[in-house]
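Visitor: What follows is a single structure, and I will ask about it in a moment.
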Amino acid sequence: MSRIRRIILCAVAFLVLSGVVVPCLHAESALGMIRKRGYLLWGVDVEGGAPYAFPDPRDPSKLIGFEVDLAGAIARELGVEVRPVQNAWDSLIPALERGDFEIAMNGIEITPQRESRVLFSRPYYIYTEQLVVRKEEAAITDFGKLKGKRVGTLSGTAAQTMLEKIGGVEVRIYSGQVEPYEDLATGRIDAVLLDLPIAAYYARPNPKLRYAGEPVGEGFYGIAVRKGDGEFRDRINAILGTLMQSGELKRIYEKWELWDKTQERLLKQNTSPDGYVGLEESRKAPLYTFLPALLKGAAVTVIISTASMALAVVLGLALALSRIFGGAPVRSVAAAYIEAYRGTPLLIQLFILYYGLPNIGISLSPLTAAVLGLGMNYAAYEAEIYRAGIEAVPRGQMEAALSLGMGRSLALRRVVLPQGFKIALPAITNDFIALFKDSSLVSIIAMVELAKTYSILAVSTLRFFELGLVVALLYFAMSYPLSLLARRLEDRLKGAGK
Amino acid sequence: MITVKDLHKSYGELRLFKGIDLVVRKGEVVVCIGPSGSGKSTLLRCINGLEFFQQGEIDIGGIELHSINRVRPSRADDETLRKVRRKVGMVFQHFNLFPHMTVLENIAEAPVRVLGLSGKEAEERARALLRRINLEEKVRRYPSELSGGEQQRAAIARALAMRPEAMLFDEPTSSLDPEMVGEVLAVMKGLAQEGMTMLIATHEMDFAREAADRVVVFDRGEIVEIDTPERIFTRPRAERTKLFLSRVLRR
Ligand SMILES: Nc1ncnc2c1ncn2[C@@H]1O[C@H](COP(=O)(O)OP(=O)(O)O)[C@@H](O)[C@H]1O
Ligand SMILES: [Mg+2]
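So the sequence lines, in the order shown, correspond to chains R and X.
The opening position of the first sequence corresponds to residue 0 in numbering that gives the first Met the number 0, with each subsequent residue numbered one higher.
The opening position of the second sequence corresponds to residue 0 in numbering that gives the first Met the number 0, with each subsequent residue numbered one higher.
Structural data, given as structure tokens:
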């Protein structure tokens with residue numbers, strides 16, 4: 000058997016196994032395990048998680064939120080305690096499957112795609128989507144007026160699907176619930192469509208924002224448990240029934256100002272909405288249907304990394320030269336810049352640039368912020384690489400050039416820099432490849448590049464594995480030619496002199 | 000041509016020159032000898048402005064190096080410095096050819112960039128120089144492809160391409176294998192015969208004896224003796240000269 004055939008077979012076997020084996024990993028029943036252990040593990044994302052579950056502003060070591068109250072009630076009925084497990088919202092379902100916790104409850108909408116992976120309890124809340132605009136907005140009066148507008152929402156939500164169905168809407172995907180409203184207030188986007196509880200908590204108190212039209216769409220939040228934990232799910236259903244009958248659930252919702260007429264229908268919705276088979280369209284779709292979206296993401300990645308590298312090269316050179324040849328004040332400014340940018344995480348720099356600067360009246364577009372953020376960060380690293388390269392050029396080179404009557408800058412440009420560049424080239428290449436991969440960080444400022452495209456697609460189809468392989472391949476296909484190019488360049492420079 | 004008066008030079012705490020005087024007249028060949036660390040290189044580097052000095056005067060064909068402000072040079076100061084360096088060529092112990100340029104590019108670079116010659120004129124000038132030192136077939140080679148002797152000859156040609164009025168040589172043969180010393184010294188002798196003003200630091204005593212008009216003996220930052228080679232090598236007056244010569248000539 001040829002080596003290539005064997006590799007392909009292995010890959011196929013891995014794909015098949017990864018799809019089949021996962022649900023069978025947990026032999027013991029969840030219910031039995033929870034009782035024995037004495038506590039229930041609850042998967043939840045508390046980052047920007049109000050009013051669902053979030054750290055109490057008065058005592059951040061404590062979690063509060065309507066789901067915290069609900070989880071407490073359920074655990075009490077089970078006769079155990081509840082322990083929240085922090086997990087990124089995007090990947091609550093895979094983490095549940097992996098066995099990180101027994102229930103995932105965090106405003107997870109019951110959808111056919113998700114039902115193909117997990118079991119849902121009967122609904123514990125009926126959500127609607129609320130459109131929010133700026134106070135002075137006149138054109139967008141309701142959901143029907145969104146064509147051609149920039150609308151923000153959360154990744155992997157029902158609202159995202161609704162927006163994509165309209166067509167012609169520029170959908171901006173965020174991973175936290177605070178940021179879309181921030182961007183709306185500063186005018187970076189025109190509207191935000193999100194679940195009503197989120198709008199009620201974050202947008203209603205904001206004097207710059209207002210609701211546009213009635214809530215639209217309707218769906219259910221359900222508690223997710225692993226496939227195979229049917230008995231456990233039935234127990235949860237029974238407990239939810241009790242909480243509704245006794246009025247406790249209503250009291251919780253009233254406390255959080257979430258109770259409305261719609262919720263009265265919860266009582267009638269007394270079965271899990273499974274039973275009808277999920278369409279599983281996206282789950283069965285061949286991989287190439289995702290290719291256009293992924294390639295678009297890849298293009299954004301290429302644009303961001305080349306633009307920011309160009310900035311890093313120019314700014315880095317200026318910094319290196321200031322640091323070596325500048326006067327004392329210039330030198331210390333350059334050194335301070337380099338230390339500050341190298342000594343703080345890129346993530347924080349991006350946050351400050353994008354969400355912090357609007358506080359002092361500077362509002363950058365996501366692309367500008369991404370390029371500036373990456374470019375200014377990498378300039379610090381480039382500067383040090385250049386400095387090392389320049390300082391590795393023997394002093395005699397500069398002296399020989401000066402003794403021929405050249406000025407300092409001419410000598411630098413014609414004699415020292417070309418040699419320093421050759422010395423620095425391997426490090427520069429390395430840096431560019433690193434920047435290329437770091438460009439995935441800009442997804443936190445609403446840039447949908449390749450990595451973000453992947454997480455959006457993977458979350459909505461739950462095909463983390465195959466899509467992950469495709470995306471990894473795409474990244475490699477872009478960075479490998481870069482290494483080759485650099486090696487060719489190095490060889491050519493090597494040909495020219497020692 | 001070159002006048003050094005009462006030169007004081009310190010490296011930090013180390014006070015090297017405490018008042019040095021030297022005059023090199025037009026067309027004269029002056030050779031500096033003396034133990035390592037006695038200050039020969041420092042004097043040459045002061046003369047073409049690679050080192051600055053604390054006190055004293057250096058006059059190069061009418062240009063006063065001592066009136067340049069080296070701490071905060073103005074535009075005019077930079078220009079004066081460049082003018083001095085165009086008048087005075089320098090050859091280094093380690094050649095300092097530009098490794099990323101061919102021999103031709105090494106030689107043509109400054110005439111084009113500094114004197115504003117066209118590429119063609121500069122190339123002709125370079126080829127003529129290379130022909131004179133028998134290196135024309137190496138024009139397209141990189142320095143790393145040349146022998147040490149060839150590299151130093153190319154470096155001399157590079158300095159000559161600026162048509163300097165005087166040349167400084169800082170131990171031009173000290174990093175060469177013995178069999179290549181001769182070819183470099185031959186080029187320098189040729190130059191001397193053509194009437195080039197030269198100030199040379201070297202350990203080649205035979206060369207000093209044959210080519211020098213005057214020999215300057217350095218010791219610990221002082222000029223011990225200046226005289227004709229004949230007198231220095233046969234009837235030195237200073238004790239330190241005798242000591243130095245007895246040490247180098249015994250080898
Ligand atoms: N850049 C420098 N910094 C400090 N001391 C130096 C420097 N260059 C030379 N010196 C010192 O000055 C003295 C004279 O050096 P140099 O002029 O190179 O002597 P020579 O060329 O005669 O061997 C030596 O003691 C040397 O250590
Ligand atoms: Mg020396």
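Built from N, CA and C at the ideal position, the CB exists for glycine as well.
#1: Run through chain B and tell me which residues come within less than 7 angstroms of residue 395/R, C-beta to C-beta.
#2: What does a CB cutoff of less than 6 angstroms around residue 428/R pick up in its chain, not counting 5 residues either side in sequence?
#3: Do residue 180/X and residue 33/X count as a contact pair if the criterion is CB distance below 8 angstroms?
#4: Is there a Cβ from chain R that is less than 8 angstroms from the Cβ of residue 47/X?
#5: Could you give the C-beta distance for residue 199/X and residue 30/X, rounded to a whole number, given that I count them as a contact under 8 angstroms?
#6: Below 7 angstroms between beta carbons is the criterion; list the residues of the segment 96-122 of chain X that meet it against any residue of chain R, in chain order.
#7: When you compare the segment 183-198 of chain X with the segment 156-167 of chain X, are there three or more beta-carbon pairs, one atom per stretch, that lie closer than 8 angstroms?
#8: State the DSSP-derived secondary structure class of residue 194/X, mapped to helix, strand or coil.
#9: Inspect the CB distances between the segment 130-150 of chain R and the segment 202-221 of chain R and report whether three or more fall short of 8 angstroms.
#10: CA-CA distance, residue 103/R and residue 174/R?
#11: From 392/R, 238/R, 297/R and 236/R, pick the residue whose C-alpha is nearest to that of residue 475/R; which is it?
#12: Between residue 85/R and chain X, is the shortest Cβ-Cβ distance under 8 angstroms, so that the two count as touching?
#13: List the residues of chain R that residue 76/X touches, going by C-beta distances under 9 angstroms, in chain order.
#14: Quick check: the segment 45-64 of chain X against the segment 224-239 of chain X, are there 3 or more CB pairs under 8 angstroms?
#15: Using only the heavy atoms of ligand 2, determine whether one of them is closer than 7 angstroms to the beta carbon of residue 169/X.
#16: Starting from the C-beta of residue 417/R, find all residues in its chain whose C-beta is less than 6 angstroms away, skip the five residues before and the five after it, and write them out in chain order.
#17: Compute the distance between the beta-carbons of residue 37/X and residue 219/X, then report whether it is under 8 angstroms.
#18: Tell me the residue span of the beta strand (DSSP E) that contains residue 1/X.
#19: In the DSSP assignment, the beta strand (DSSP E) including residue 135/R goes from what residue to what residue?
#20: Would you mind sorting residue 233/X into buried or exposed? The rule is 16 or more other CB atoms within 10 Å of its CB.
#21: Of the choices 162/R, 384/R, 385/R and 412/R, whose alpha-carbon is the least far from that of residue 396/R?
#22: Report yes if the C-beta distance between residue 193/R and residue 152/R is below 8 angstroms; otherwise report no.
#23: In terms of residue numbering, what span does the alpha helix (DSSP H) encompassing residue 74/X cover?
#24: Take every Cβ of the segment 230-244 of chain R, pair it with every Cβ of the segment 189-209 of chain R, and state whether three or more of those distances are shorter than 8 angstroms.
#25: From the DSSP secondary-structure annotation, give me the bridge partner or partners of residue 288/R.
#26: Quick check: residue 79/R and residue 39/R, are their CB atoms within less than 8 angstroms of each other?
#27: Would you mind working out which of 185/X, 230/X and 173/X sits nearest residue 132/X, comparing C-alpha positions?
#28: For residue 176/X, collect the residues of the same chain with a Cβ closer than 7 angstroms to its Cβ; drop the 5 residues on either side in sequence, then sort them by chain order.
#29: Looking at the structure shown, is residue 331/R part of a helix, part of a strand, or coil, going by DSSP?
#30: Among 142/X, 42/X and 41/X, which residue has its Cα nearest to the Cα of residue 333/X?
#31: Listed in chain order, which residues of the segment 373-399 of chain R have Cβ atoms closer than 8 angstroms to some Cβ of chain X?
#32: What residue range is occupied by the uninterrupted alpha helix (DSSP H) comprising residue 36/R?
#33: Verify the contact flag: residue 39/X, CB atom, against every heavy atom of ligand 1, threshold strictly below 7 angstroms.
#34: Compare the beta carbon distance of residue 221/R and residue 122/R with 8 angstroms and say whether it is the shorter of the two.
#35: So, at 6 angstroms on beta carbons, what are the nonlocal neighbours of residue 487/R in its own chain, with the 5 sequence-adjacent residues on each side left out?
#36: So, is the C-beta of residue 187/X closer than 8 angstroms to a C-beta in chain R?
Guide: Quick answer:
#1: The displayed structure is made up of protein chains R and X, and chain B is not among them.
#2: Locating residue 428/R in the first sequence gives position 429, where the first residue counts as 1. 485.
#3: Your numbering for residue 33/X matches position 34 in the second sequence. Your numbering for residue 180/X matches position 181 in the second sequence. No, these two residues do not count as a Cβ contact at 8 angstroms.
#4: Numbered from its first residue, the second sequence carries residue 47/X at position 48. Output row for residue 47/X: interface = yes.
#5: On the second sequence, position 200 is the one that residue 199/X refers to. On the second sequence, position 31 is the one that residue 30/X refers to. Under the criterion of beta carbons closer than 8 angstroms, residue 199/X and residue 30/X qualify as touching, at roughly 5 angstroms.
#6: Look at the segment 96-122 of chain X: the residues with a C-beta under 7 angstroms from a C-beta of chain R are 97, 98, 99, 108, 109, 112 and 113.
#7: Enough Cβ pairs lie closer than 8 angstroms, so yes.
#8: Sequence index remark: in the second sequence, residue 194/X carries index 195 (1-based). Reduced to three states, the DSSP call for residue 194/X is coil.
#9: Taking 8 angstroms as the limit for Cβ pairs, the verdict is that the segment 202-221 of chain R does touch the segment 130-150 of chain R.
#10: The residue you call residue 103/R lines up with position 104 of the first sequence. The residue you call residue 174/R lines up with position 175 of the first sequence. One C-alpha to the other measures close to 18 angstroms.
#11: For this step, residue 475/R is matched to residue 476 along the first sequence. Nearest neighbour of residue 475/R by Cα position, chosen from 392/R, 238/R, 297/R and 236/R, turns out to be 297/R.
#12: By one-based count along the first sequence, residue 85/R stands at place 86. Interface flag for residue 85/R against chain X is unset, since no Cβ pair is found closer than 8 angstroms.
#13: On the second sequence, residue 76/X is found 77 positions in, with the first residue counted as 1. Residues of chain R passing the Cβ test: none, with the nearest at roughly 12 angstroms.
#14: Contact fails between the segment 45-64 of chain X and the segment 224-239 of chain X, because fewer than three Cβ pairs, one in each stretch, are under 8 angstroms apart.
#15: Within the second sequence, numbered from 1, the residue matching residue 169/X stands at position 170. A heavy atom of ligand 2 is found nearer than 7 angstroms to the CB of residue 169/X.
#16: Position 418 of the first sequence, counted from the first residue, corresponds to residue 417/R. Result list for residue 417/R: empty, nothing under 6 angstroms.
#17: The residue given as residue 37/X occupies position 38 in the second sequence. The residue given as residue 219/X occupies position 220 in the second sequence. In this structure, residue 219/X lies closer than 8 angstroms to residue 37/X by Cβ.
#18: If you number the second sequence from 1, residue 1/X lands on position 2. If you look at residue 1/X, you'll find it in the beta strand (DSSP E) that goes 1-10.
#19: Reading the first sequence from its first residue, position 136 is the one you call residue 135/R. Counting along the chain, no beta strand (DSSP E) covers residue 135/R, and no H or E run does either.
#20: The residue given as residue 233/X occupies position 234 in the second sequence. Label assigned to residue 233/X: exposed.
#21: Within the first sequence, residue 396/R is the residue found at index 397, counting from 1. The closest CA to that of residue 396/R, considering only 162/R, 384/R, 385/R and 412/R, is found on 412/R.
#22: On the first sequence, residue 193/R is found 194 positions in, with the first residue counted as 1. On the first sequence, residue 152/R is found 153 positions in, with the first residue counted as 1. Going by beta carbons, residue 193/R and residue 152/R fall inside the 8 angstroms limit.
#23: The residue you call residue 74/X lines up with position 75 of the second sequence. Start and end: 74-86.
#24: In the pairwise beta carbon analysis, the segment 230-244 of chain R is classified as not touching the segment 189-209 of chain R: fewer than three pairs are separated by under 8 angstroms.
#25: Reading the first sequence from its first residue, position 289 is the one you call residue 288/R. Under the DSSP definition of a beta bridge, residue 288/R lacks any partner.
#26: Locating residue 79/R in the first sequence gives position 80, counting from the first residue. Locating residue 39/R in the first sequence gives position 40, counting from the first residue. For residue 79/R and residue 39/R, yes; Cβs fall inside 8 angstroms.
#27: By 1-based counting over the second sequence, the position of residue 132/X is 133. In this structure, 185/X is the residue among 185/X, 230/X and 173/X with its C-alpha nearest to the C-alpha of residue 132/X.
#28: Taking the first residue of the second sequence as position 1, residue 176/X is located at position 177. Within the same chain, residue 176/X has close Cβ partners 147.
#29: Here residue 331/R refers to the residue found at position 332 when the first sequence is read from its first residue. Per DSSP, reduced to three states, the secondary structure at residue 331/R is helical.
#30: Nothing about residue 333/X can be reported from this structure: the residues present for chain X run from 0 to 250 only.
#31: Residues of the segment 373-399 of chain R with a C-beta less than 8 angstroms from any C-beta of chain X: 393, 395, 396, 398 and 399, listed in chain order.
#32: As a first step, residue 36/R must be located in the first sequence, where it is residue number 37. Its alpha helix (DSSP H) spans residues 29-36.
#33: As a working mapping, residue 39/X is identified with position 40 in the second sequence. Indeed, a heavy atom of ligand 1 lies less than 7 angstroms from the Cβ.
#34: Along the first sequence, read from residue 1 onward, the residue named residue 221/R stands at position 222. Along the first sequence, read from residue 1 onward, the residue named residue 122/R stands at position 123. Yes, these two residues count as a Cβ contact at 8 angstroms.
#35: Taking the first sequence and counting its residues from 1, one reaches residue 487/R at position 488. If we look at residue 487/R and ignore the five residues flanking it on each side, it has no Cβ neighbours.
#36: Residue numbering aside, residue 187/X sits at position 188 when the second sequence is read from its first letter. Contact with chain R is absent for residue 187/X, since none of that chain's Cβ atoms lies less than 8 angstroms from the residue's Cβ.
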